[in-house]
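Input: a single structure, listed below in structure tokens.
Residue numbers (my numbering): 44 to 235.
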């Protein structure tokens with residue numbers, strides 16, 4: 044919409060009014076006010092965007108106070124040293140164990156010699172797959188700030204199987220299928 048200018052009648056009325064009005068801020072008539080120059084905003088050109096990949100600045104999800112991986116993760120994450128097809132059948136519970144050792148209720152002093160005797164005699168008899176039942180362990184009330192792990196035998200048996208003289212006859216250690224005890228038992232696959 045176009046602004047319309049002042050008519051001659053409007054200019055006459057304005058000139059009569061301005062002669063009788065007192066200005067709020069008197070301006071010297073000899074020097075006309077200079078219009079103040081408004082600083083022009085400088086337009087800053089943005090910096091060019093550097094190439095990037097999503098997630099490069101993200102913090103890692105692992106904390107510095109992370110606990111060691113669980114025994115189940117360690118055992119199941121061990122490299123495969125036996126036949127992959129047999130391992131798959133064993134993990135599915137389709138291979139039948141040829142021997143079983145139950146370490147429930149034993150102390151570490153009783154369990155270690157029993158495990159060594161059982162594994163070495165099973166190997167001498169030509170058995171390939173045996174099962175060692177450790178139990179899942181009992182939850183104990185924790186009285187201190189340091190977390191305690193459940194199942195002493197569950198943690199200790201895989202270590203014993205990796206140490207000499209058992210390491211010479213053991214090919215693979217894996218957690219058992221549910222039908223054979225689940226996470227409270229280990230399949231021990233022996234060498235020929």
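Where is the CB? At the ideal position from N, CA and C, for every residue including glycine. Please read these numbers as outputs of a predicted model, since none were measured by experiment.
query, result
"Supposed contact pair residue 218 and residue 229 - C-beta distance, whole angstroms, cut 8 angstroms", "6 angstroms"
"C-alpha distance - residue 114 paired with residue 165, whole-angstrom precision", "24 angstroms"
"CB contact flag (residue 98, residue 223, <8 angstroms)", "no"
"Boundaries of the beta strand (DSSP E) in which residue 217 is found, first to last residue", "213 to 218"
"Bounding residues of the beta strand (DSSP E) (the contiguous stretch that carries residue 145)", "142 to 145"
"Alpha carbon of residue 119 to alpha carbon of residue 151, nearest angstrom", "23 angstroms"
"Complete runs of the alpha helix (DSSP H) confined to the segment 47 to 127 [at least 4 residues]", "51 to 63, 114 to 119"
"The segment 145 to 160 touching the segment 172 to 179, judged by at least three CB pairs closer than 8 angstroms", "yes"
"Inter-residue Cα distance where the pair is residue 100 and residue 88", "25 angstroms"
"Residues of its chain near residue 142, where Cβ-Cβ distance is below 6 angstroms and the 5 sequence neighbours each way are ignored", "165, 170, 173"
"Selection from 140, 146, 116, 234 that minimises the alpha carbon distance to residue 195", "146"
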